[in-house]
Structures are given as C-alpha cells and as structure tokens.
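Per our numbering, the sequence shown starts with residue 1, numbered consecutively.
C-beta: ideal position from N, C-alpha, C; glycine also.
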Amino acid sequence: MLEDDVAKVLISEKEIQTRTKELARQISADYAGKDLVLVCILKGGITFLADLMREMTVPHAIDFMAISSYGASTESSGIVRILKDLDASIDGRHVLIVEDIIDTGRTLNYILANLQTRHPASLRVCTLLNKPSRREIQIPLAYVGFQVPNEFVVGYGLDYVEKYRNLRFVGVLKPEIYQAKPLPSQEVPT
Ligand code: PRP
Numbered sequence: 001m002l003e004d005d006v007a008k009v010l011i012s013e014k015e016i017q018t019r020t021k022e023l024a025r026q027i028s029a030d031y032a033g034k035d036l037v038l039v040c041i042l043k044g045g046i047t048f049l050a051d052l053m054r055e056m057t058v059p060h061a062i063d064f065m066a067i068s069s070y071g072a073s074t075e076s077s078g079i080v081r082i083l084k085d086l087d088a089s090i091d092g093r094h095v096l097i098v099e100d101i102i103d104t105g106r107t108l109n110y111i112l113a114n115l116q117t118r119h120p121a122s123l124r125v126c127t128l129l130n131k132p133s134r135r136e137i138q139i140p141l142a143y144v145g146f147q148v149p150n151e152f153v154v155g156y157g158l159d160y161v162e163k164y165r166n167l168r169f170v171g172v173l174k175p176e177i178y179q180a181k182p183l184p185s186q187e188v189p190t
C-alpha cells in the first residue's frame, strides 16, 4: 500500500476540499467578467487544477505547460526547458498559474518571466502548497492553499520518483523511502 510509506498526514482530504472551495470562491469573484485562462504546470498541478476548476463559477479556459529542469542535481536549477508549451495565445488575457508547490521559486520565476513576454492582461499565481523556508527567489503568490514545513511531502499530485501522486491527502514520506533510493526532487530535511 502506498499509504504505508507515509509517516504522517500533513493535510487531510477534507482540509484540501474545504480550502479549495474557499480559493475557488475568491478566484471566481476576482475574475468575474474577465477572460481567464488557468495555466497548469505539469505534472504535479493536475490534481489541484481538476478540483479547483470544478469549484469555480467563473467561465475560464485551461491550458498546460510541461517543463524540465536542467542541472546535475535533481533539485530545480532554474534553468529550464519547455517540453510542452501552451496551446493558445495569452495575449491580452488574464492568466492564473496553478501549481502544486512552490519550493525554491526557481521554476516559477522562469515561467513568470517567459509568460510575461507574451503580454497577458495579468499574470498571477495560485499554489496549493507553499514552502517558504526553501525560497531562494521571491515570487508574488496571489492565492496560497497551505504553508508547509520543510519536509518531504507527497500526494495530491506531488510525487517521489513518479509515485504517490494519487494519494488523496498530502503526507510526509518516511525518510527510509527516499534514503534507500536517493533521487529526491525536494531537499531532504536535516
Ligand atoms: C515541482 C512543482 C514545481 C516545482 C517547484 O515540480 O510542481 O513546478 O517543483 O520547485 P521550485 O520552486 O524549487 O522550482 P517537479 O519538478 O517536481 O515536477 P512534477 O510537477 O512533474 O512532479
């Protein structure tokens, strides 16, 4: 069982649902009457996007970007390559990026700079999780679901070597799992 690899539940399914509804209500009010595009950053953002959009009442399009981080380390280097670009133009449209987690901020810093050159009417960020203790580049976050401590979190879209994304909650991975096979995409807590 995947759950057996989780040391503790950090944010329950119910807590995620409640907070997602609150964010969706706020976003729907803020973007009323605007041409809104939700941009999901693959892959981790898909679960949050799927739930958030179904709670939103304001009309909107969805689009996707996939990026890959360069560098020797599996940590995000900030030097990224676009594997899949947006399908549609965002010129003159209101863009809200939907992410699962902001860690160092390097990935989002690149994406924001890249999308800004395409002249959106506005460009803001909605993230389910924020790990401020790891931040290297300050990013303005318009909507944040939860602040999380510097622990190795998985579930609800977040993976460890592509597993655990389908857990319905956000949990802390048991250290023996990532210490046995050290390929973390997050800093191992000290
Ligand atoms: C995660 C997350 C963000 C990024 C945040 O993606 O979804 O895109 O890392 O890290 P940063 O703030 O340090 O740049 P990941 O590279 O794990 O890819 P995935 O979503 O496909 O799992």
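Discussion item. Relative to the C-alpha of D30, which candidate in N114, I11 and S122 has its C-alpha closest?
Written reply: The residue with the shortest Cα to Cα distance from D30 is S122.
Worksheet item: Rounded to whole angstroms, how far is the Cβ of L129 from the Cβ of F152, which I believe are closer than 8 Å?
Response: Their Cβ separation, rounded to whole angstroms, is 12 Å, which puts L129 and F152 out of contact at 8 Å.
Practice prompt. Give the DSSP-derived three-state secondary structure of T127 in the structure shown.
Written response: Correct three-state label for T127: strand.
Practice prompt. Would you mind sorting K14 into buried or exposed? The rule is 16 or more other CB atoms within 10 Å of its CB.
Written response: exposed
Worksheet item: If you run the structure through DSSP and keep just helix, strand and coil, what is F169?
Response: coil
Item to complete: Can you grab the Cα-Cα spacing for the pair P59 / Y164, in whole Å?
Response: 31 Å
Worksheet item: Short check: CB of L158 to CB of I101, under 9 Å?
Response: yes
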